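**Q**
There are 2 protein chains.
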Amino acid sequence: MNYGQSFSNVTKVMKSSLIRELVASTKNIPGLISFAGGFPAPATFPKELLAKLYQEVVSTQGSEVLQYGASSGDSQLIKELIKWEGFDLDPSEVLVTIGSTNAIYNYTRSLINPGDVILVEAPTFLGSLVVFDALQAEIQSIPIDNDGLDLNQLESTVKKLRAAGKNIKFLYTIPDFHNPGGVSMSLQRRRELIAYADRENLAILEDNPYGRLRFEGEHLPTLYRVMKEEFPGTNVVSETVTFSKILGAGMRMAFIKSDKEMISKMESWQQKINVTPDCVSQRVTARFLAEGHMEGHLKMISAYYKPFLDQMLKSLETHMPAEVKWTKPQGGIFLWMELPERMNADEIFHQAAAKKVSFIPGSKFYPEGQEKFNTLRLNFSYSSLEQIEEGIKRLGELLKAL
Amino acid sequence: MNYGQSFSNVTKVMKSSLIRELVASTKNIPGLISFAGGFPAPATFPKELLAKLYQEVVSTQGSEVLQYGASSGDSQLIKELIKWEGFDLDPSEVLVTIGSTNAIYNYTRSLINPGDVILVEAPTFLGSLVVFDALQAEIQSIPIDNDGLDLNQLESTVKKLRAAGKNIKFLYTIPDFHNPGGVSMSLQRRRELIAYADRENLAILEDNPYGRLRFEGEHLPTLYRVMKEEFPGTNVVSETVTFSKILGAGMRMAFIKSDKEMISKMESWQQKINVTPDCVSQRVTARFLAEGHMEGHLKMISAYYKPFLDQMLKSLETHMPAEVKWTKPQGGIFLWMELPERMNADEIFHQAAAKKVSFIPGSKFYPEGQEKFNTLRLNFSYSSLEQIEEGIKRLGELLKAL
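Protein sequences, first through last, are from chains G and L. Counted from 1, the first sequence has number 76 at position 54 by my numbering; the numbering is strictly sequential. Counted from 1, the second sequence has number 56 at position 34 by my numbering; the numbering is strictly sequential.
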């Protein structure tokens, strides 16, 4: 039979991840230097320690962790997550998920009817855009500046959309080391955003994959934490935190903190989609936190990545033409670059591949029809220092020639 | 804000797992003997071996398994799964999933528009019914007899529904050690079903959690295997196999074999919902298979469970009133019981809880409005031999008194 005719309507028009396709298209170019992916450096994986913890957990707690677990997540892990966060939090406000993607999917699934609006930053994480799209949301983007989301633009967009009868379900934001934007939202902006969202009954989904990857400067409290500590009685913010960049992406470990009723609905979806996350990896993560390894580990990762960021900034300074601008982040794993308006990074992507250097064209990080084509994203966590210098040199030469 | 008002329409009416609620309702009864759950016996978990494999895999292949993996699944695991199946299969016909629930969700999500019809056996696995319901399918049930699905009833139902303009997307079936029905589909019936489905362009989703848990009698090839070996050119059957009952449910490991185009769409959903299954547990499962542990392990489990099944059959023979009937399975972990028509197992559930014995009322295993109330399911994999004798005695006394 021809399954193509039987696919559900959403499945028929569903987009695959353009990043994966782009990365795949350059996969077999020998000598290619890629700044395209978002992979953490394997050198930062605590292999031996995790190997020991997996062994201990399965050997001594196997009867429990090899058995079916709770859909809300391993209670020992939830206890450790709450301790790690370090502020007042009830277990019923936490759901363990299979990476942040799973949290974002369950959150969106719980709220969105086809045609409902999700507000996103422009640019924003492509992985989330394809989820929102697959769940048939209408996506509207709000610009960011050096302090994060532009609140004036947010207000006027909300007003306009609501006046047009649109049902805005939530705002999706990445306040820390924005992917791909590279900026962090200022504390002042965070407070203003929460006050506004509370006033306007606007739910906020805060995506926090890099917040703990700060190499320098002062740590900023997440939106969720600011809400909990400074806006008692408000429940507008939910925050998803992943271990993919700070422990091991392959373990698919993340959690979301949210309103109890939301947690209960997301858990109900989890039961129907996956039953539970991997119980072995959950308990291993719990042990890693309980034994106090995380703080030192995060220091090690930050110290490891900083020279790569520094090298990339230095190489950009040396090799880029004067008209090109880029962000100078204090953490995370990405830089965001703006080319002169007349340039199109979608076209440059192919010319760059011919010169054996790769990146992600910025247009992929905007909802369809809202793209900015003169932008691109550079990753610095997966190449050697020499590759960074050589790759940026190749890219600089290409841009100068254009 | 009040999230309850913001939930999507599906989320607002979504059912939670009634089994979980029923099991929870009897959780705090001291001395309760429960035949309600579907948990494997922890004594069957190969704890020490898995502990060693987890240690080895993370220690020697950590750079790979702690990194992001392929959404279709670990290529080493897929290779081992194909070897394990032992018949001609292309890697593009296999998707690794987070338990069978994840396979069933992705399969259903790929095919179902709201209102499309899914055919199920009556009774059938409740966990799948709630998935189909959450994805807004119309569920129609077909009776089973001692040889499995009733094909005459299937034909007349398909005819009737199609004549009424209904779009039947697939048939969901559990041919081996049916949960909760306890029967297995005969080989003859399997052949007839595939021939019929091929003729009628009816997709079949075969759920196979217990097929390898046969304690006696001859092993039957799965529908998928019969299709591959005897119906070349046909692609109507997809089969999902879980490791939850034969390795460790907490590892959330399963796979689905299907048409390539279907695999590609299910993988696309996987990217948006979870990105990938746990890469550590995938590689551990691959090593478990590659090192040849599975065959002996399955023999051990079957030998372990058989006395529990035998004890339950013996206790039933001793304690049940003459009007009560039950299945005599050759494997799996469940029995199905039929009470006289006038009895209602939903009511007896509460009376039994007062007598400190528990089961799942059979009505939970039928689509809403299509229930049979004089049935119940008994599990024999999670109680001791003494508990089985004592629990069946309590239940028998209660039924005699009624």
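Where a beta carbon is used, it is the ideal one built from N, C-alpha and C, also for glycine. The structure displayed is predicted, hence computed values, not measured ones.
On the three-pair Cβ rule with 8 Å, is the region 352-360 of chain G touching the region 385-401 of chain G?
**A** A contact exists between the region 352-360 of chain G and the region 385-401 of chain G.
**Q** Can you grab the Cα-Cα spacing for the pair residue 226 (chain L) / residue 280 (chain L), in whole Å?
**A** Their Cα atoms are separated by approximately 10 Å.
**Q** Throw me the rounded Cβ distance for the residue 334 (chain G) and residue 410 (chain G) pair, which I believe falls under 8 Å.
**A** Taking the Cβ atoms as the reference, residue 334 (chain G) lies roughly 5 Å from residue 410 (chain G), within the contact range of under 8 Å.
**Q** In chain order, what residues of the region 145-158 of chain G put their CB closer than 7 Å to some CB of chain L?
**A** 152, 153, 156
**Q** Report the CB separation of residue 216 (chain G) from residue 256 (chain G) in whole angstroms; it is logged as a contact under 8 Å.
**A** 7 Å
**Q** If we count the other Cβ atoms within 10 Å of its Cβ and call it buried at 16 or more, is residue 289 (chain G) buried or exposed?
**A** buried
**Q** When the Cα atoms are used, what is the spatial distance from residue 383 (chain L) to residue 398 (chain L)?
**A** 4 Å
**Q** Rounded to whole angstroms, what is the Cα-Cα separation between residue 124 (chain G) and residue 297 (chain L)?
**A** 8 Å
**Q** So, is residue 52 (chain G) buried or exposed, given that buried needs 16 or more other C-beta atoms within 10 angstroms?
**A** Burial call: exposed.
**Q** Near residue 405 (chain L), which residues of its chain fall below 8 Å by C-beta distance, leaving aside the five closest residues on each side in sequence?
**A** 55, 56, 57, 330, 413
**Q** Any idea what DSSP makes of residue 229 (chain G), helix, strand or coil?
**A** Under the three-state reduction of DSSP output, residue 229 (chain G) falls in the strand class.
**Q** Would you verify that the beta carbon of residue 327 (chain L) is, or is not, closer than 7 Å to some beta carbon of chain G?
**A** Closer than 7 Å: no.
**Q** Please check the pair residue 246 (chain L) and residue 228 (chain L), which I expect to be a contact at CB under 8 Å, by giving their CB distance rounded to whole angstroms.
**A** 6 Å
**Q** Got a sec: is the Cβ-Cβ distance from residue 67 (chain L) to anything in chain G below 7 Å?
**A** yes
**Q** Applying a beta-carbon distance threshold of less than 7 Å, which residues of chain C neighbour residue 231 (chain G)?
**A** Absent from the structure: chain C. Protein chains present are G and L.
**Q** Thinking C-alpha only, which one of G:202, G:342, G:41 is nearest residue 423 (chain G)?
**A** Of G:202, G:342, G:41, the residue nearest in Cα terms is G:342.
**Q** Just the C-alpha distance for residue 208 (chain L) and residue 374 (chain L), rounded to the nearest angstrom, thanks.
**A** About 35 Å.
**Q** Taking the DSSP output, what are the residues bridged to residue 192 (chain L)?
**A** Answer by DSSP bridge pairing, in chain order: L:140, L:225.
**Q** Using beta-carbon positions only, say whether residue 387 (chain G) and residue 145 (chain G) come within less than 7 Å of one another.
**A** Cβ distance < 7 Å, so residue 387 (chain G) and residue 145 (chain G) count as in contact.
**Q** So residue 282 (chain L) is in the alpha helix (DSSP H); what residue range does that whole segment cover?
**A** 282-295
**Q** Taking 7 Å as the CB-CB limit, is residue 386 (chain G) close to chain L?
**A** It does not: the Cβ of residue 386 (chain G) has no partner Cβ on chain L nearer than 7 Å.
**Q** State the Cα-Cα distance for the pair residue 152 (chain L) and residue 158 (chain G), rounded to the nearest angstrom.
**A** 22 Å
**Q** Is residue 267 (chain G) closer than 7 Å to residue 64 (chain G) when the C-beta atoms are compared?
**A** no
**Q** Quick check on residue 175 (chain L): does DSSP put it in helix, strand or coil?
**A** Collapsing the DSSP output to three states places residue 175 (chain L) in a helix.
**Q** Would you call residue 389 (chain G) buried or exposed, if buried means 16 or more other Cβ atoms sit within 10 Å of its Cβ?
**A** So residue 389 (chain G) counts as buried.
**Q** Within 10 angstroms of its Cβ, does residue 241 (chain L) collect 16 or more other Cβ (buried), or is it exposed?
**A** exposed
**Q** Distance, Cα to Cα, residue 347 (chain G) vs residue 314 (chain G)?
**A** 41 Å
**Q** Would residue 309 (chain G) and residue 75 (chain G) be called neighbours here (beta carbons separated by less than 7 Å)?
**A** Cβ atoms of residue 309 (chain G) and residue 75 (chain G): closer than 7 Å.
**Q** Expressed to the nearest angstrom, what Euclidean distance is found between the alpha-carbon atoms of residue 285 (chain G) and residue 37 (chain L)?
**A** For residue 285 (chain G) and residue 37 (chain L), the distance between alpha carbons rounds to 15 Å.
**Q** Return the bridge partner residues of residue 119 (chain G) from the DSSP annotation.
**A** G:276
**Q** Quick check: is the beta carbon of residue 136 (chain G) nearer than 7 Å to any beta carbon in chain L?
**A** Residue contact with chain L for residue 136 (chain G): absent (no Cβ-Cβ distance below 7 Å to any residue of chain L).
**Q** Determine the extent of the alpha helix (DSSP H) in which residue 412 (chain L) is found, giving its start and end residues.
**A** 407-423
**Q** In terms of DSSP beta bridges, what is residue 199 (chain L) paired with?
**A** DSSP, once it has assigned bridges, lists no residue as partnering residue 199 (chain L).
**Q** Are there 16 or more other CB atoms within 10 angstroms of the CB of residue 178 (chain G), so buried, or fewer, so exposed?
**A** exposed
**Q** By the 10 Å Cβ neighbour count, where 16 or more other Cβ atoms means buried, how is residue 147 (chain L) classified, buried or exposed?
**A** buried
**Q** Here's a check: name, in chain order, each residue in its chain whose Cβ is nearer than 8 Å to the Cβ of residue 326 (chain G), leaving out the five neighbours to either side.
**A** 63, 65, 66
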